[in-house]
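Peer 1:
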Ligand code: UDP
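In the numbering used here, the protein residues as written are 8 to 419.
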């Protein structure tokens, strides 16, 4: 029935959309099946009720050192020059617990953070000591820093662990930094620099008209058909490609790039793969109701202005139930006086309940072994290709997924 397609792709996010376009340009006729009612996966953005461009599935900041990926994506969007900066927001020890007394310093924790935390003079002395030990502009992971035998550096490592990592990581993963995959905390090292940007990649920016526009252009090709609201499982059954074929070694009938969770593909045969999900709490603030509950000080300079907070993203590393607050206007540069929308992120275990979305694979030896069992099943099917964060059970950034999708398209 669907013989006129050379290839099916399940999922219209980064993995699916990039692969679809790359294959379409090689003359392959591609059918993209997307379960949701929109393209773009978790990078999807849209206007909210107040006209603010929001990221419905949490903030996405594009950054890469891969020129090939950057150039390729640049065919579908222009970029807003944007350098991401994040601060940790913690109770000010001098405030005696008073609600408005908060301290903010750059994350990744850097030489400037040191001075905010310990005072200019002491901060500089400690900074010099770290630079002497590791080198200027070096990135040192928190787990590495905690191994340092020098008692002063060890005490400093404990400070950073306590003030930046342990509670945030408990909220995000339900586990301590030393119990999760070390590559995860290594994403946010201690940085022996004055560079207070979150990423140091050569190419960094936001799609000028948003991610959704970029994906619309990417998928707009005569060889691509996109079907929204279409689950690949249902589709296989509906189109008389017996769903039970997925349980056998038989080919699927048509090559398939699958970008969803692999356990679902095999009907959870070996049990669920663990993921973390997020609950997003969006709040829109008008200038009249700026009581700025999360402003660092009661007389916050932006109070009554156009913005809710001082930075695009503020991490709550010591308190609160949410991990971070992101303010979209600071990210997108949208000019919208007197109104702003923010999002608070609450992480918890993914259960597979209706409407829940798996965002992060919980990478550890046990879960990797479970994934490997599913992968072995998938490998038996010669025309099934797994691609992306969910299908590969990896913590990919957007650029890494795009690179993998281009590679796969090349191989096919
Ligand atoms: N992390 C932390 N405190 C912070 C920022 C990050 O403990 O202020 C740890 C935490 O474990 C987090 C990981 O570093 O899950 C990776 O952070 P990143 O910002 O890369 O996470 P993402 O933006 O992908 O959710």
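Note that CB positions come from ideal geometry on N, CA and C, so glycine has one too.
Predicted model only: the values in this text are computed from it and were never measured.
For residue 104 and residue 110, what's the separation of their Cα atoms in angstroms?
Peer 2: Against the chain shown, residue 104 aligns to sequence position 97. Against the chain shown, residue 110 aligns to sequence position 103. Cα-Cα distance, rounded: 12 angstroms.
Peer 1: In terms of residue numbering, what span does the alpha helix (DSSP H) encompassing residue 129 cover?
Peer 2: For the purposes of this step, residue 129 is taken as residue 122 along the chain shown, with counting starting at 1. Taken as a continuous stretch (DSSP letters only), the alpha helix (DSSP H) holding residue 129 covers 127–141.
Peer 1: Along the alpha helix (DSSP H) that carries residue 179, what are the first and last residues, could you check?
Peer 2: The residue given as residue 179 occupies position 172 in the chain shown. Unbroken alpha helix (DSSP H) run through residue 179: 173–180.
Peer 1: Under 7 angstroms: does the beta carbon of residue 179 sit that close to some heavy atom of the ligand UDP?
Peer 2: For the purposes of this step, residue 179 is taken as residue 172 along the chain shown, with counting starting at 1. Residue 179: yes, Cβ under 7 angstroms from the ligand UDP.
Peer 1: Evaluate the contact criterion for the segment 208–221 versus the segment 78–98: three or more CB pairs, one atom per stretch, below 8 angstroms.
Peer 2: The segment 208–221 vs the segment 78–98: in contact.
Peer 1: Any chance the CB of residue 172 is under 7 angstroms from a heavy atom of the ligand UDP?
Peer 2: Working through the chain shown from its first residue, we reach residue 172 at position 165. Checking every heavy atom of the ligand UDP against the Cβ of residue 172, one is found closer than 7 angstroms.
Peer 1: Does the Cβ-Cβ distance between residue 70 and residue 202 come in under 8 angstroms?
Peer 2: The count along the chain shown starts at 1 and reaches residue 70 at position 63. The count along the chain shown starts at 1 and reaches residue 202 at position 195. No, Cβ-Cβ distance for residue 70 and residue 202 is not below 8 angstroms.
Peer 1: Taking the beta strand (DSSP E) that residue 351 belongs to, which residues open and close that run?
Peer 2: Mapped onto the chain shown, residue 351 falls at position 344. From DSSP, the beta strand (DSSP E) with residue 351 extends over 346–356.
Peer 1: CA-CA distance, residue 196 and residue 397?
Peer 2: Position 189 of the chain shown, counting from 1, holds the residue named residue 196. Position 390 of the chain shown, counting from 1, holds the residue named residue 397. One C-alpha to the other measures close to 25 angstroms.
Peer 1: Using a threshold of 7 angstroms, is the CB atom of residue 184 nearer than that to any non-hydrogen atom of the ligand UDP?
Peer 2: As a first step, residue 184 must be located in the chain shown, where it is residue number 177. Yes, since a heavy atom of the ligand UDP falls inside the 7 angstroms radius drawn around the Cβ of residue 184.
Peer 1: So the candidates are 180, 59, 16 and 101; which of them puts its Cα closest to the Cα of residue 365?
Peer 2: In the chain shown, the residue the question calls residue 365 occupies position 358. Here the closest residue by C-alpha is 180.
Peer 1: Rounded to whole angstroms, what is the Cα-Cα separation between residue 232 and residue 11?
Peer 2: Here residue 232 refers to the residue found at position 225 of the chain shown. Here residue 11 refers to the residue found at position 4 of the chain shown. Distance between the alpha carbons of residue 232 and residue 11: 11 angstroms.
Peer 1: Within the same chain, show all residues whose beta-carbon is closer than 7 angstroms to that of residue 410, passing over the 5 residues directly before and after it, in chain order.
Peer 2: Walking along the chain shown from the start, residue 410 turns up at place 403. Only 73 and 76 meet the Cβ criterion.
Peer 1: Among 395, 91 and 292, which has the Cα closest to the Cα of residue 211?
Peer 2: Within the chain shown, residue 211 is the residue found at index 204, counting from 1. The option with the nearest alpha carbon to residue 211 is 91.
Peer 1: Would you call the segment 379–391 and the segment 267–277 touching, i.e. three or more CB-CB distances under 8 angstroms?
Peer 2: With a cut-off of 8 angstroms, the segment 267–277 and the segment 379–391 count as touching, because enough Cβ pairs lie within range.
Peer 1: Just to confirm my understanding: we take residue 171, look at its own chain, exclude 5 residues before and 5 after, and list those with CB closer than 6 angstroms. What are they?
Peer 2: In the chain shown, residue 171 corresponds to position 164, counting from 1. Same-chain partners within the cutoff: 95, 116 and 324.
Peer 1: Going by beta-carbon coordinates alone, are residue 78 and residue 371 separated by less than 8 angstroms?
Peer 2: For the purposes of this step, residue 78 is taken as residue 71 along the chain shown, with counting starting at 1. For the purposes of this step, residue 371 is taken as residue 364 along the chain shown, with counting starting at 1. Contact flag unset, no.
Peer 1: On the DSSP bridge list, what partners appear for residue 146?
Peer 2: One-based indexing of the chain shown puts residue 146 at position 139. Paired residues: 198.
Peer 1: Just checking my contact of residue 62 with residue 52 at CB under 8 angstroms: how many whole Å lie between their CB atoms?
Peer 2: As a first step, residue 62 is located in the chain shown; it is residue number 55 there, counting from the start. As a first step, residue 52 is located in the chain shown; it is residue number 45 there, counting from the start. The Cβ separation is near 5 angstroms, so the contact holds.
Peer 1: Measure the alpha-carbon distance for residue 108 versus residue 317 and round it to whole angstroms.
Peer 2: Taking the first residue of the chain shown as position 1, residue 108 is located at position 101. Taking the first residue of the chain shown as position 1, residue 317 is located at position 310. Approximately 15 angstroms, taken between the alpha carbons.
Peer 1: Comparing C-alpha positions only, which one of 347, 200 and 178 sits nearest to residue 122?
Peer 2: By 1-based counting over the chain shown, the position of residue 122 is 115. Comparing Cα positions, the closest option is 200.
Peer 1: Distance check for residue 49 and residue 15, CA to CA, integer angstroms please.
Peer 2: Residue mapping note: residue 15 aligns to position 8 of the chain shown, counting from 1. Residue mapping note: residue 49 aligns to position 42 of the chain shown, counting from 1. Rounded to the nearest angstrom, the two C-alpha atoms are 20 angstroms apart.
Peer 1: From residue 250 to residue 264, what distance separates their C-alpha atoms?
Peer 2: Taking the first residue of the chain shown as position 1, residue 250 is located at position 243. Taking the first residue of the chain shown as position 1, residue 264 is located at position 257. A caution first: residue 250 carries a pLDDT of 43, below 50, which makes its placement in the model unreliable, though a value can still be read off. Residue 250 and residue 264: Cα-Cα distance of roughly 16 angstroms.
Peer 1: When DSSP builds the beta bridges, which residues end up paired with residue 212?
Peer 2: On the chain shown, residue 212 is found 205 positions in, with the first residue counted as 1. DSSP, once it has assigned bridges, lists 69 and 88 as partnering residue 212.
Peer 1: How big is the Cα-Cα spacing for residue 168 and residue 158?
Peer 2: Along the chain shown, read from residue 1 onward, the residue named residue 168 stands at position 161. Along the chain shown, read from residue 1 onward, the residue named residue 158 stands at position 151. Those two C-alpha atoms are separated by around 15 angstroms.
Peer 1: Do you know how far the Cα of residue 367 is from the Cα of residue 407?
Peer 2: Within the chain shown, the letter at position 400 stands for residue 407. Within the chain shown, the letter at position 360 stands for residue 367. Distance between the alpha carbons of residue 407 and residue 367: 15 angstroms.
Peer 1: Quick check on this structure: which residue in 29, 26 and 93 has the alpha carbon closest to the alpha carbon of residue 331?
Peer 2: Here residue 331 corresponds to residue number 324 of the chain shown, with the count starting at 1. Comparing Cα positions, the closest option is 93.
Peer 1: From the DSSP output, in three-state form, read off residue 170 for me.
Peer 2: As a working note, residue 170 is residue 163 in the chain shown. In the structure shown, residue 170 sits in a helix (DSSP, three-state: H, G or I).
Peer 1: May I have the straight-line CA-CA distance separating residue 177 from residue 355, to the nearest angstrom?
Peer 2: Within the chain shown, numbered from 1, the residue matching residue 177 stands at position 170. Within the chain shown, numbered from 1, the residue matching residue 355 stands at position 348. C-alpha separation (whole angstroms): 10 angstroms.
Peer 1: Could you tell me if residue 358 is buried or exposed, where buried requires 16 or more neighbouring beta carbons within 10 angstroms of its beta carbon?
Peer 2: Numbered from its first residue, the chain shown carries residue 358 at position 351. So residue 358 ends up on the exposed side.
Peer 1: Can you tell me whether residue 344 is buried or exposed? The criterion is at least 16 other CB atoms within 10 Å of its CB, across all chains shown.
Peer 2: Stepping through the chain shown from its first residue, residue 344 is reached at position 337. By the 10 Å Cβ count, residue 344 comes out exposed.
Peer 1: For the beta strand (DSSP E) holding residue 17, just list the boundary residues, first then last.
Peer 2: As a position in the chain shown, residue 17 is number 10, starting the count at 1. It spans 14–17 - the beta strand (DSSP E) in which residue 17 sits, taken as one unbroken run.
Peer 1: If I follow the unbroken alpha helix (DSSP H) through residue 393, where does it start and stop?
Peer 2: On the chain shown, position 386 is the one that residue 393 refers to. Taken as a continuous stretch (DSSP letters only), residue 393 belongs to no alpha helix (DSSP H), being part of the beta strand (DSSP E) at 391–393.
Peer 1: Just to confirm my understanding: we take residue 219, look at its own chain, exclude 5 residues before and 5 after, and list those with CB closer than 6 angstroms. What are they?
Peer 2: Here residue 219 refers to the residue found at position 212 when the chain shown is read from its first residue. Result list for residue 219: 47, 51 and 52, in chain order.
Peer 1: May I ask you to report which of helix, strand or coil DSSP gives residue 115?
Peer 2: Along the chain shown, read from residue 1 onward, the residue named residue 115 stands at position 108. Coil.
Peer 1: What does DSSP give as the partner residue(s) for residue 60 in the beta ladder?
Peer 2: By one-based count along the chain shown, residue 60 stands at place 53. Answer by DSSP bridge pairing, in chain order: 54.
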